[in-house]
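Structure first, then comments.
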Amino acid sequence: MPTHADSTPNLIAQGILRTQGDSPSETRLRSAAALRRAGCEPTPKAADGRPVAKTPFVPLAPRSLEEIGIPTAEIETLILRYLLFAGSSSGRRIADQIRLPFGLLRDLFQAMKTQMLVAYRGTAGASDYEYELSSSGVEKAHACNGRCTYFGSAPVALEDYIWGIEQQSVRQTRPKMRQIAEAFQDMVLSTAVLSQVGQAIHAGKGLFLYGAPGNGKTTIAERVIRGISEHLWIPRTITVTGEIIRLYDPSNHEEVPIQPDEKLASKEIDRRWIRIRRPTVVVGGELTMAHLEITHNQQTGINEAPMQLKSNGGALVVDDFGRQRVSTVELLNRWIVPLEKGYDFLTLPSGRQIQTPFDQILVFATNLEPSDLVDEAFLRRLPYKIEVVDPTIDQFRSLFESQAPRFELQFDSKVFDYLLEHHYRPFNRPLRYCHVRDLLTQVKNYCEFLECGYLLNVETIDVAARNYFAGLAC
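So this note's numbering is basically just the index in the sequence shown, starting at one, shifted up by 9.
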């Protein structure tokens, strides 16, 4: 059975993340605390050497200041900044603000009062006081605020974040064909394409989706993560020796609150972590190299996590690949090591380089031929190349029939045959999956415009086709 030291992330073992002044024993203590907070045993190894969590990862609330996993000075700094902003606050409100148990902060409040950083303004209920900054506290708070204005949730140590991602890795989920079929049941895909996509998800490897526009490459890419277990725990923020990196991003992460009837409701959860749906982060033509690096806000001093860090535990979709403002060669060179090794190197504003997990399914979607975009060496690192081809007539008919009711229209096989005979075959026009949705949208809009009820007939399909296909080669 592996020891705690065997189970700790590689970064700890290499000493890369050891805080200045930490002894090896202190590092081991922090690692052991991380194991307990995670609510799981040291990681057993699968036959292929992969770590496999015996129990689902759940970040448990720390029971001591040491188990928080970050220096007390960082917690003190958050309190000073918050009091500078709020003017005064009870101890419980401060604890809620930085998402730490109130009971753990009492001694720290007392220590800050002894240091004459804070003073009592009055009582605030049982075993609590209303705190305000002293004159020396105001001076120190301003100094802290000059470097960084953040006073939200206490951050999680980077090594604890790495441990959490290892326990929830996309490469541990290994979904089977049945689960993949369920995840894509609202799409009409050939068995071959569904199998290829499923194999890539099962392997936890990157994939390259290519083919003509309008056949659902982006839709497939955005559903990749549906075949994997639904939830993921991530920290709101991460710290590396005092440098704050904001990870939780509501524009890319969807919170999944704990419901009262869940078993988790009875557990003391570390509120610095948040449960989200496994993320799918989609980037398109706007992608630049800057999006792949830590972004430093000069005004606030807060660092924003890059796209690949926000997509850990989920999927990162590079849509319309080949049309980014950055060259494909430069972009792919940036990802060669992460794809090969499963980790990435990021540089903090201080100049310090850190190693972080690269644990997501990386999906490239393009209308262009892969061989025209990238060289053979890179394609080998994306073992699954999937051509998304035009639908067959049967697939097109099946999709048309299943989608019509969603637009409050009744499918008519004669109207469908008319559509093919008059708007496809004479022009040698290829079928595209997107045509179904777009034509039915046109029909519904035309019917609403005429106030004639929703009718799918020769007249309405003619109008829709003329509107939609005018000026299009396909």
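Backbone N, C-alpha and C fix where the C-beta goes; we use that ideal spot for every residue, glycine too.
A quick note: this is a predicted structure, and the numbers were derived from the prediction, not measured.
Of the listed residues Asn476, Gly293 and Leu218, nearest to Glu396 (C-alpha basis): Leu218
Assigned exposure category for Gly331 - 16 Cβ within 10 Å defines buried: buried
Environment of Val424 [buried if 16+ CB atoms lie within 10 Å]: buried
Environment of Thr200 [buried if 16+ CB atoms lie within 10 Å]: exposed
DSSP state of Asp329 mapped onto helix, strand, coil: coil
Option nearest Ala479 by Cα separation, candidates His432, Asp279, Phe160 and Gly78: His432
Gly213 versus Asn154 - alpha carbon distance: 42 Å
Beta-carbon proximity list for Arg475, same chain, < 7 Å, skipping 5 on both sides: none
Simplified DSSP state of Glu175, which is helix, strand or coil: helix
Expected contact under 8 Å - CB spacing of Ala324 and Ile370 to nearest Å: 5 Å
Unbroken alpha helix (DSSP H) run spanning Pro347, endpoints: Thr337 to Lys350
Between the CA atoms of Ile103 and Gly96 - distance to the nearest angstrom: 12 Å
Residue closest to His262, alpha-carbon to alpha-carbon, out of Arg438, Arg287 and Arg255: Arg287
One or two residues paired with Arg254 in a DSSP bridge: Residue identity check: residue 254 is Ile in the sequence provided, not Arg. Partner(s): Ile247 and Asn312.
Neighbourhood of Arg446 by C-beta, 7 Å cutoff - its chain only, sequence neighbours within 5 removed: Gln412
Distance between Arg156 and Gln308 (C-alpha atoms, nearest Å): 9 Å
Cβ pair Val372, Ala192 closer than 8 Å: no
contact_flag[the segment 266-279, the segment 63-71] where n(CB pairs < 8 Å) is 3 or more: yes
Alpha carbon of Gln268 to alpha carbon of His240, nearest angstrom: 14 Å
8 Å contact criterion, which Phe298 and Arg343 should meet: CB distance rounded: In the sequence as presented, Phe is not what sits at residue 298; that position holds Met. The pair is a contact, with the Cβ atoms about 7 Å apart (cut-off 8 Å).
Inter-residue Cα distance where the pair is Gly220 and Pro366: 31 Å
Spatially closest choice to Gly225 from Pro184, Asp329, Phe416 and Pro266, by CA coordinates: Asp329
Alpha-carbon spacing of Ser34 relative to Ile79, whole angstroms: Residue placement at Ser34 cannot be trusted, given a pLDDT of 37 that sits under 50; what the coordinates show is reported in the next sentence. In a straight line, the C-alpha of Ser34 is about 15 Å away from that of Ile79.
DSSP state of Pro80 mapped onto helix, strand, coil: coil
Rounded C-alpha distance that separates Pro71 from Asp381: 53 Å
Arg180 burial status per 10 Å Cβ neighbour count (16 or more: buried): buried
Enclosing beta strand (DSSP E) for Lys394 [first to last residue]: Tyr393 to Glu396
Contact under 8 Å by Cβ, Val291 with Val326: yes
Given Cys456 as reference, the closest of Val472, Arg406 and Leu348 once Cα atoms are compared: Val472
Rounded C-alpha distance that separates Glu141 from Leu296: 45 Å
Proximity below 8 Å, CB of Met121 to CB of Ser145: no
Ala163 beta carbon less than 8 Å from that of Arg108: yes
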